[in-house]
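Okay, structure first, notes after.
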Amino acid sequence: MSGDLHKLRSASGVARPEPGPPAPVLSAPVVPAPALPALFLLLPGGGREPLGPQPVLIGRAPSVSQVPGGRLPRLVSLGGRDQDISRNHVRVTVEGDTVVVTDLQSRNGTVIVLPGRPPQKLRRGESASVLVGTVIDLGSGLTLTVSEE
C-alpha cells in the first residue's frame with residue numbers, strides 16, 4: 000500500500016519525503032511527588048490514631064447520628080465513665096494539609112495548646128486549625144497530641 004501511495008504522489012508531480020522511522024518521543028523522567036507526612040493523634044496510653052480524609056470522632060462513648068459531608072467518621076472512645084468527657088467531645092479532620100479540631104458542644108469544653116502559645120479554650124461548637132505538636136486537652140487529664148511520622 001505504501002508503494003501505491005508513492006506512485007500516486009510521483010504521478011501528481013509533488014515530491015514528498017519518504018516516511019522515515021518515527022521520531023523518538025522524549026519524556027521527562029517521572030519524579031514522584033513528595034509524600035505528605037503521615038499525621039496521627041497520639042492517644043492517652045500511647046495509642047496512635049491515623050489522621051486522613053476520614054474524620055475522627057472522639058469522646059466517652061462516641062456515636063454517629065448524622066454524617067456531614069457523607070464521610071463516616073472513625074469513632075475513638077476515651078475516658079470510660081468519666082463524666083468530664085462528653086459522649087461526642089471533639090472531631091479531628093484533615094482538610095487539605097490542615098488539621099482542624101472542632102469542639103462538639105462538649106459539656107466541659109476543649110482546650111488546645113499550640114506549640115509556643117498559651118492554652119486556648121474552644122467555645123462550644125468552635126473549630127480551630129492546629130499545627131503538629133498541638134495538645135488537645137479534653138479534661139480529667141486526658142490529652143491528645145497531633146503528631147507526624
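Residue numbers (numbering that gives the first Met the number 0): 0 to 148.
Each residue gets a CB set at the ideal place from its N, CA and C atoms; glycine is no exception.
Cutting at 6 Å between CB atoms, please list the residues of its own chain near residue i, excluding the five before and the five after it.
| i | result |
| --- | --- |
| Q119 | I111 |
| D136 | V110, T142 |
| V99 | T92, S126, S128 |
Are residue i and residue j close, meaning C-beta to C-beta below 7 Å?
| i | j | result |
| --- | --- | --- |
| S139 | D102 | no |
| E48 | L38 | no |
| L50 | P61 | no |
Could you check how far apart the C-beta atoms of residue i and residue j are, in whole angstroms? I think they sit under 8 Å.
| i | j | result |
| --- | --- | --- |
| L56 | P72 | 4 Å |
Using a Cβ-Cβ cut-off of 8 Å (strictly less than) and excluding sequence neighbours within five positions of residue i, which residues of its own chain qualify?
| i | result |
| --- | --- |
| L113 | Q119, V129, L130, G132, T133 |
| E94 | none |
| R70 | P52, Q53, P54 |
| S85 | G58, R59, L103, Q104, S105, R106, N107 |
Quick one: what's residue i bridged to in DSSP?
| i | result |
| --- | --- |
| E147 | L38 |
| V93 | V98 |
Using C-beta distances below 7 Å, list every residue in its chain close to residue i, excluding the 5 sequence neighbours before and after it, in chain order.
| i | result |
| --- | --- |
| D81 | R59, S139 |
If you scan the segment 105-136 from start to end, which runs of the beta strand (DSSP E) of 3 or more residues do you find wholly inside it? 109-112, 119-121, 126-129
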